[in-house]
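Counting along the sequence shown from 1, when you hit position 126 you're at 126 in the UniProt record's numbering, and nothing is skipped either side.
Notes follow once the structure below has been shown.
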Amino acid sequence: MLDTLNRHLMHPFMAWRAGSKHLRHLRTVERTQFDPPDVIRARQLAALKVQLQHAWDTVPYYRAAWSRAGVHPSDVRELADLEAFPVLTKADIRRHNRALVSSAYDTARCRVKTTSGSTGVPLKIYCDEPAMQWKTACTVRSDQWSGYRLGQRVAKVWGNPEYRHFGLKGRLRNHFFDRAVYLDTLNLNDQRVAEFARTIRRHRPGLIFGHAHSLYLLACALKKSGGSDIRPNGIISTAMILHDWQRAVIEEVFGCKVTNRYGCEEVSLIASECEEHNGLHVNADSLYTEVPADGKLLITDICNRAMPLIRYQVGDVVVPSNRACRCGRGLPLIERVEGRDADYVLTPAGNLISGISLTENFAVLVPGAAQVQIVQESITQLRIRLVADAAFGDNSRRKIAALVQDTFGDTVSHEVELVDAIPQEPSGKYRFCISNVARERMQELSA
């Protein structure tokens, strides 16, 4: 009853009050997702041309970079013509951050996204409100492929959860609009998992959403305690590689399919499985994607005008697909994402901490940290490998020490190792958190 009331009354009212058009956009993208591929590509080309001209006219970085490369927006007559334009890297964004912001936008009126991304490199991205509303619509559309319906409660298994920053207004918005409950993966132990299980039994969420490894640990804990009567409409796994053996356990415990999703803070949703669970549909309504021969995904955001990311190298390796999906959607497919992996780490108190959440904390909060990798060498010893920029100094080292103490306590020591680069694995993955120590504890939980 409350889900229906929220879907048809509270959610539309809150959207109207906030001036958000995302529900109108949702109706549009739900209708156009079944358009033929050539129609979708034509829309992308039209949007791309507008974005390129906007970037040339109002973004200092692109005018300079494209002039040096001898290219101009008018050169793009078909999508393949974009290949002549320079690639934008994470280092470029860090080095030229303000020069990538459009002069037509006031950053004080934009959403700010701060992230370490999939490679442990902290970035600050500005997104204009109309683009955020469009991206929200595209995300809700893919949420509903999992079986979730707008207005239902959501249980989030996540590090750095939003509730930490909620004031009264945020709590009211969450209660009536977002309707989310959280399990913080920065502090994961048996007691917290049990408390979270009781919470989601009480709230009966339509969707459980979280890191692949964290969802797996939650499922293992519930299975170990005698099974689960928690039956959401759908489960969405994101942020890390979802292995088949993890998927099998999660689906067994919760009695529903797991929908694998791929995205990043810089551009939001990139791709998601549909009901067929056979490849991921690219969010072609917001993005144009390219997969060069090396598999390193390039993304052009065709809707964010405040800080356009054009031919942005995300840092992940993907396997493209030319086949059509049996679902009938014309949205392009990628077979799988191969570029993200991170271990859990174990505290002396026996708690598990999500490596992806831990690394993001360090990368975002430590001044001058251009890229971070955390290696747990023993239960009482951490090695912090760090690519530093000019802002790194004594204050940065003090911040690292404070983060280690706050997270692990007084008994854990650390060593900061400054390196020129964090190497990729032979597979192309970045392992930005490595721990052999936690594996035994993980095996206990999954036994």
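No residue lacks a Cβ here, since even glycine has one placed at the ideal position from N, Cα and C.
query: Going straight from the alpha carbon of residue 13 to that of residue 409, what length do you get?
result: Rounded to whole angstroms, residue 13 to residue 409 spans 46 angstroms at the Cα level.
query: Quick one: any contact between the segment 132 to 149 and the segment 256 to 275, if contact means 3 or more CB pairs under 8 angstroms?
result: Yes: the two stretches touch, three or more of their Cβ pairs being nearer than 8 angstroms.
message: Could you tell me which whole beta strand (DSSP E) segments of length 3 or greater appear in the segment 93 to 136?
response: Runs found: 111 to 115 and 123 to 127.
Residue range of the unbroken alpha helix (DSSP H) whose run includes residue 253: Where residue 253 is concerned, the enclosing alpha helix (DSSP H) stretches over 244 to 254.
message: If the criterion is Cβ atoms closer than 7 angstroms, does the pair residue 270 and residue 279 meet it?
response: If you check the CB distance, residue 270 and residue 279 do not come in under 7 angstroms.
- prompt: What's the gap between the Cα of residue 218 and the Cα of residue 193?
  reply: Those two C-alpha atoms are separated by around 7 angstroms.
field: Segment contact flag, the segment 320 to 334 with the segment 280 to 296, C-beta cutoff 8 angstroms, min 3 pairs
entry: In short, these stretches touch, since the Cβ pair count reaches three.
Unbroken stretches of the beta strand (DSSP E), 3 residues or longer, contained in the segment 195 to 243: Counting only runs of 3+ residues, the beta strand (DSSP E) found wholly inside the segment 195 to 243 occupies 207 to 211 and 234 to 238, in chain order.
field: Per DSSP, cross-strand counterpart(s) of residue 361
entry: Answer by DSSP bridge pairing: none, since residue 361 is not bridged.
As assigned by DSSP and simplified to three states, the class of residue 277: The answer is coil: DSSP assigns residue 277 none of H, G, I, E or B.
- prompt: Hey, residue 311 and residue 39: beta-carbon distance below 7 angstroms or not?
  reply: Going by C-beta atoms, residue 311 is not nearer than 7 angstroms to residue 39.
- request: Less than 8 angstroms between the CB atoms is what I'm expecting for residue 307 and residue 102, so what's the real figure, rounded?
  value: The beta-carbon distance between residue 307 and residue 102, rounded to whole angstroms, is 7 angstroms. This is short enough to meet the 8 angstroms contact definition.
- request: Compute the Euclidean distance between the alpha carbons of residue 150 and residue 43, then round it to the nearest angstrom.
  value: The straight-line gap from Cα to Cα measures roughly 27 angstroms.
- request: Kindly indicate which residue of 398, 382 and 108 has the alpha-carbon position closest to the one of residue 365.
  value: Taking residue 365 as reference, the option from 398, 382 and 108 with the minimal CA-CA separation is 398.
- prompt: Excluding five sequence neighbours on each side, which residues of the same chain lie with their C-beta closer than 8 angstroms to the C-beta of residue 56?
  reply: So the list reads 62, 63, 66, 72 and 73, once near-sequence residues are dropped.
message: So, under 8 angstroms CB-CB, residue 345 and residue 299 are touching, yes? Tell me the CB distance rounded to an integer number of Å.
response: The Cβ separation is near 30 angstroms, so there is no contact.
field: Extent of the continuous alpha helix (DSSP H) to which residue 184 belongs
entry: Unbroken run through residue 184 is the beta strand (DSSP E), 180 to 184; no alpha helix (DSSP H).
- request: Note down, in chain order, each residue of its chain lying with its Cβ closer than 7 angstroms to the Cβ of residue 251, except the 5 sequence neighbours on either side.
  value: Answer for residue 251: 257 and 258, listed in chain order.
message: Quick test of your reading: residue 388 and residue 369, contact by CB under 8 angstroms. State the CB separation rounded to the nearest angstrom.
response: 7 angstroms between Cβ atoms; contact.
task: Could you check what DSSP says for residue 431 in three-state terms: helix, strand or coil?
output: Strand.
- request: State the CB to CB distance for the pair residue 142 and residue 272, rounded to an integer number of angstroms; the pair is presumed to be in contact (CB under 8 angstroms).
  value: The pair is a contact, with the Cβ atoms about 4 angstroms apart (cut-off 8 angstroms).
message: How far does the beta strand (DSSP E) with residue 312 in it extend, from its first residue to its last?
response: Looking at the DSSP string, the run of the beta strand (DSSP E) that includes residue 312 is 312 to 320.
query: For residue 9, does the count of other Cβ atoms within 10 angstroms reach 16, so buried, or fall short, so exposed?
result: Result: exposed.
- prompt: Quick one: what's got a C-beta closer than 7 angstroms to residue 89's C-beta in the same chain, skipping five residues either side?
  reply: If we look at residue 89 and ignore the five residues flanking it on each side, its Cβ neighbours are 313.
task: Using 10 angstroms around the beta-carbon of residue 165, count the other beta-carbons present and answer buried if the total reaches 16, otherwise exposed.
output: Residue placement at residue 165 is poorly supported in this model, since its pLDDT is 49, which falls under 50; the coordinates are not used for a value here.
- request: Output the distance between the C-alpha atoms of residue 347 and residue 406, rounded to the nearest integer angstrom.
  value: Computed Cα separation, rounded: 11 angstroms.
query: Closest by CA to residue 123, which one among 226, 46, 51 and 265?
result: Comparing Cα-Cα distances from residue 123 to each of 226, 46, 51 and 265, the minimum goes to 265.
task: Would you mind reading off the limits of the alpha helix (DSSP H) that contains residue 285?
output: No alpha helix (DSSP H) holds residue 285; DSSP gives it neither H nor E.
- prompt: Closest to residue 274 by CA distance: which of 114, 48 and 140 is it?
  reply: Of the candidates 114, 48 and 140, the one whose C-alpha sits nearest the C-alpha of residue 274 is 140.
field: Nearest-angstrom Cα separation, counted from residue 316 out to residue 100
entry: Cα to Cα, the separation comes out at about 22 angstroms.
- prompt: At what residues does the alpha helix (DSSP H) containing residue 30 begin and finish?
  reply: Unbroken alpha helix (DSSP H) run through residue 30: 22 to 32.
- request: Taking the CB atoms as reference points, tell me whether residue 138 and residue 110 lie closer together than 7 angstroms.
  value: Cβ atoms of residue 138 and residue 110: not closer than 7 angstroms.
query: What number of angstroms, rounded off, separates the C-alpha of residue 302 from the C-alpha of residue 51?
result: About 6 angstroms.
task: Could you give the DSSP three-state label for residue 405: helix, strand or coil?
output: Here residue 405 sits in helix by DSSP.
field: Collapsed DSSP secondary structure at residue 352 in the structure displayed
entry: Under the three-state reduction of DSSP, residue 352 is assigned to strand.
- prompt: Are the Cβ atoms of residue 222 and residue 248 separated by less than 7 angstroms?
  reply: Cβ atoms of residue 222 and residue 248: not closer than 7 angstroms.
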